[in-house]
Amino acid sequence: MSESQNLLAEQRRAMIVDEVRRRGGVRVNELTKRLGVSDMTVRRDLDALARLGVVEKVHGGAVPVVEASTHEPGFEAKSGLELSAKEDIAAAAAALVAPGTAIALSGGTTTFALAHRLVEIMDLTVVTNSVRVADVFHAAQLATARGQGAATVVLTGGVRTPSDSLVGPVADRAIGSLHFDVLFLGVHGISAEAGLSTPNLAEAETNRRLVQSARRVVVVADHTKWGTVGLSSFATLEQVDTLVTDAGLAPEARTEVSERLNRLVVAGETGSRGPAGAEPGADRGNSPE
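With our numbering applied, the sequence shown corresponds to residues 199 to 487, in that order.
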């Protein structure tokens, strides 16, 4: 299958997931008309999405999966969703990183995509609790045999989660003793009421430590994360400086974000939005005392 065909399949499946979530369910014949493809193609897409656990197949169509607030998808399941959006977000977020800075990357598939963009930026110090992110930098160093200018990577210890993040007291102590310029934070869910949340209690505490140790907090999250609420909140929107997302974020969500954050960056769109007088990337006072 060609790259263009893979991209079309990804786009179709993203549209199907959006339709299912927005309408509470869709029928195969509705999708064939909307997408301009055959019944067989739609059924294959639904099979793929059902295997990822993001929709539930029913007779003649699909409905949303009812997830408990404690449900935590694995890394592989999440990595198959919103691929184009994550790549766009990663490119936009990488443009915020200057050579020679100390940054932190949390776990997640979007920060994993970002890590691939950051390997070309010189003299970074990277703190991460993600095994996957650390592996990206390690593989880049092996492939290029770089010494001078290569990133210095600090991987925290801890207990591994289904999303391949390291959490718990060991990770918390390591992060609490460090101070970094910018934190790039992937999230399970984001909303105006619950802020940033995760279904994993230990991960919530580790994420709190990451936020406390950062001068600036940049959340990298595609539009499907908006309105999702996990078991435990670990930060309010007011603790976030910048949200980098994709063009699928609804207008009403953009308005809510812009009222609370210094900056909203929509990948693929020029400019940023934020409260009047706010400077893009301004320090929100997250630096630890």
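Beta carbons: idealized from backbone N, C-alpha and C, even for Gly. Since we're looking at a predicted model, the values are computed, not measured.
Bounding residues of the alpha helix (DSSP H) (the contiguous stretch that carries D379): By one-based count along the sequence shown, residue 379 stands at place 181. Note, D379: premise wrong, no alpha helix (DSSP H); beta strand (DSSP E) at 378-384.
Cβ-based neighbour list, L322, same chain, cut-off 8 Å, excluding 5 preceding and 5 following: Within the sequence shown, numbered from 1, the residue matching residue 322 stands at position 124. The answer, listed in chain order, is V295, P297, G298, T299, A300, I301, L316, A349, T350.
Whole-number beta carbon distance between F378 and A154, since they are thought to touch under 8 Å: The first residue shown for the chain is 199 and the last is 487, placing residue 154 beyond what the model contains.
Euclidean distance between Cα positions of E488 and S361: The chain is shown only over 199 to 487; residue 488 falls outside these bounds and no answer can be derived.
Expected contact under 8 Å - CB spacing of A419 and T443 to nearest Å: For the purposes of this step, residue 419 is identified with residue 221 of the sequence shown, where counting begins at 1. For the purposes of this step, residue 443 is identified with residue 245 of the sequence shown, where counting begins at 1. 6 Å between Cβ atoms; contact.
Per DSSP, cross-strand counterpart(s) of E254: Within the sequence shown, residue 254 is the residue found at index 56, counting from 1. Per DSSP, V261.
CA nearest to the CA of T404, picked from V368, L441, V416, R330: Locating residue 404 in the sequence shown gives position 206, counting from the first residue. Of V368, L441, V416, R330, the residue nearest in Cα terms is V368.
For A300: DSSP bridge partner residues: Locating residue 300 in the sequence shown gives position 102, counting from the first residue. DSSP output for A300 lists T323 as bridge partner(s).
Three-state secondary structure (DSSP) of S267: Translated into the one-based positions of the sequence shown, residue 267 becomes position 69. For S267, the predicted structure reports a pLDDT of 44, less than 50, and the residue's modelled location is therefore unreliable. The matter cannot be settled from this model.
Whole-angstrom distance between G259 and D243, CA atom to CA atom: On the sequence shown, residue 243 is found 45 positions in, with the first residue counted as 1. On the sequence shown, residue 259 is found 61 positions in, with the first residue counted as 1. Taking the straight line joining both Cα atoms gives about 11 Å.
Distance CB(V380)-CB(R414) smaller than 9 Å: What you label residue 380 is simply residue 182 of the sequence shown in a count that begins at 1. What you label residue 414 is simply residue 216 of the sequence shown in a count that begins at 1. For V380 and R414, yes; Cβs fall inside 9 Å.
CB contact flag (A400, V357, <9 Å): Within the sequence shown, residue 400 is the residue found at index 202, counting from 1. Within the sequence shown, residue 357 is the residue found at index 159, counting from 1. Yes. Within cutoff.
DSSP-derived helix/strand/coil call for S431: Translated into positions along the sequence shown, residue 431 becomes position 233. Strand, per DSSP.
First through last residue of the beta strand (DSSP E) which encompasses G393: Translated into positions along the sequence shown, residue 393 becomes position 195. Start and end: 393-396.
Endpoints, the beta strand (DSSP E) within which A288 is located: As a first step, residue 288 must be located in the sequence shown, where it is residue number 90. Not the beta strand (DSSP E): A288 falls in the alpha helix (DSSP H), residues 281-292.
D237 and N227 closer than 9 Å at C-beta: Counting from 1 along the sequence shown, the entry for residue 237 is found at position 39. Counting from 1 along the sequence shown, the entry for residue 227 is found at position 29. Contact flag set, yes.
Coil, strand or helix - T361 by DSSP: Locating residue 361 in the sequence shown gives position 163, where the first residue counts as 1. Note that residue 361 corresponds to Ser in the displayed sequence, not to Thr. Looking at S361 - three-state DSSP - the assignment turns out to be coil, as it is neither helix nor strand.
Beta-carbon proximity check, L447 vs V438, cutoff 9 Å: On the sequence shown, position 249 is the one that residue 447 refers to. On the sequence shown, position 240 is the one that residue 438 refers to. No, these two residues do not count as a Cβ contact at 9 Å.
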